[in-house]
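A.B. asks:
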Amino acid sequence: MECLQLRVQDVDFAASTVIVRHGKGGKDRRTVLPATLKQELQKHLETVRALHIADLKDGWGKVTLPDALEGKYPNAAADWRWQWVFPQARRWNNEFGREGRHHVDPSLVQRSIQLASLKAELGKRVTCHTFRHCFATHLLESGYDIRTIQELLGHSDPKTTMIYTHVLNRGPGGVHSPLDRM
């Protein structure tokens, strides 16, 4: 859901960051935007923007807004910055006759990941949440400190982040002798 609920304004290409709003624990946090994804994501957003412009021309092009923002900023729902990064293909209708777009349904992403893991014959259960664990594990393996990883994951307690250190416990086979570095 953290990915699906991204809005255009949450992606900062210049700073290579993504703001995750109401993520794990209901908190907002900043995380990294991989350089390898920038070009593809920019291309994707161009397609999404064209869809948004077409929706506006048809008299629609609105999204649901968090909390009471719709009352405070009546035009924000149609503003490009508030649009979903990953909108659904179909527009929604509500009981008041309004139509707009919502983000992609989580079940579509979950199913895609499940099919990809079956096709790759991984032999392990893979879910969307697996990516979160892999992200933390790879950061640890790359030498990043626990505090940085804690911040990127949005953990309030470092003990939660420390759980990932178990994967680094490789025994003597994972230790390189300082003599080998000479």
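Read left to right, the sequence shown gives residues 2 to 183 (our numbering). Note that CB positions come from ideal geometry on N, CA and C, so glycine has one too.
#1: When you compare the stretch 24-36 with the stretch 67-83, are there three or more beta-carbon pairs, one atom per stretch, that lie closer than 8 Å?
#2: I need the straight-line Cα distance from Asp11 to Thr18, nearest angstrom please.
#3: Between Glu3 and the ligand COA, is the CB less than 7 Å from at least one heavy atom?
#4: Just to confirm the assignment, what range does the alpha helix (DSSP H) spanning Ile114 have?
#5: How big is the Cα-Cα spacing for Leu66 and Thr162?
#6: Under the DSSP definition of a beta bridge, which residues are partnered with Pro179?
#7: Excluding the 5 residues flanking Ile150 on each side, which residues of the same chain have their C-beta closer than 6 Å to its C-beta?
#8: Taking buried to mean at least 16 other C-beta atoms within 10 Å of its own C-beta, is Val159 buried or exposed?
#9: If contact is defined by three or more beta carbon pairs under 8 Å, each pair taking one atom from either stretch, is the stretch 86-93 in contact with the stretch 116-135?
#10: Does DSSP put Pro1 in a helix, a strand or coil?
#11: Taking DSSP's pairing of strands, which residues face Asp13 in a bridge?
#12: Is the separation between the beta-carbon of His104 and that of Gln43 shorter than 8 Å?
#13: Using only alpha-carbon positions, find the residue among Arg50, Trp61, Ala78 that is nearest to Ala69.
#14: Answer with buried or exposed for Asp56, where buried requires no fewer than 16 other C-beta atoms within 10 angstroms of its C-beta.
#15: Taking the beta strand (DSSP E) that Thr32 belongs to, which residues open and close that run?
#16: Between Thr37 and Leu123, what straight-line distance do the alpha-carbon atoms span, to the nearest angstrom?
#17: Just to confirm, are Gly155 and Lys63 a CB contact at a threshold of 8 Å?
#18: Helix, strand or coil for Trp61 per DSSP?
C.D. replies: So, to answer that:
#1: no
#2: The sequence position of residue 11 within the sequence shown is 10, counting from 1. The sequence position of residue 18 within the sequence shown is 17, counting from 1. Near 8 Å, if we compare the C-alpha coordinates of Thr18 and Asp11.
#3: For the structure depicted, the ligand COA is absent and the ligand set is empty, with no information on it obtainable.
#4: Your numbering for residue 114 matches position 113 in the sequence shown. 107-120 is the span of the alpha helix (DSSP H), which, as asked, contains Ile114.
#5: The count along the sequence shown starts at 1 and reaches residue 66 at position 65. The count along the sequence shown starts at 1 and reaches residue 162 at position 161. If you take the alpha carbons of Leu66 and Thr162, they lie about 32 Å apart.
#6: What you label residue 179 is simply residue 178 of the sequence shown in a count that begins at 1. DSSP, once it has assigned bridges, lists no residue as partnering Pro179.
#7: Stepping through the sequence shown from its first residue, residue 150 is reached at position 149. Excluding sequence neighbours, Ile150 sits near Ala137, Leu140, Thr162.
#8: Indexing the sequence shown from 1 puts residue 159 at position 158. Residue identity differs from the one stated: residue 159 is Pro in this sequence, not Val. Exposed, by the Cβ-count rule.
#9: no
#10: The first residue shown for the chain is 2 and the last is 183, placing residue 1 beyond what the model contains.
#11: As a position in the sequence shown, residue 13 is number 12, starting the count at 1. Paired residue(s): Thr18.
#12: Here residue 104 corresponds to residue number 103 of the sequence shown, with the count starting at 1. Here residue 43 corresponds to residue number 42 of the sequence shown, with the count starting at 1. Not in contact: His104 and Gln43 (Cβ atoms no closer than 8 Å).
#13: In the sequence shown, counting from the first residue as 1, residue 69 sits at position 68. If we check each option's Cα against that of Ala69, Ala78 comes out closest.
#14: In the sequence shown, residue 56 corresponds to position 55, counting from 1. Answer is buried; the Cβ neighbour count reaches 16.
#15: On the sequence shown, position 31 is the one that residue 32 refers to. Segment 30-33, the beta strand (DSSP E) holding Thr32.
#16: Locating residue 37 in the sequence shown gives position 36, counting from the first residue. Locating residue 123 in the sequence shown gives position 122, counting from the first residue. Distance between the alpha carbons of Thr37 and Leu123: 24 Å.
#17: On the sequence shown, position 154 is the one that residue 155 refers to. On the sequence shown, position 62 is the one that residue 63 refers to. It is not a contact, given that the beta carbons lie outside the stated cut-off.
#18: Here residue 61 corresponds to residue number 60 of the sequence shown, with the count starting at 1. If DSSP states are grouped into helix, strand and coil, Trp61 belongs with coil.
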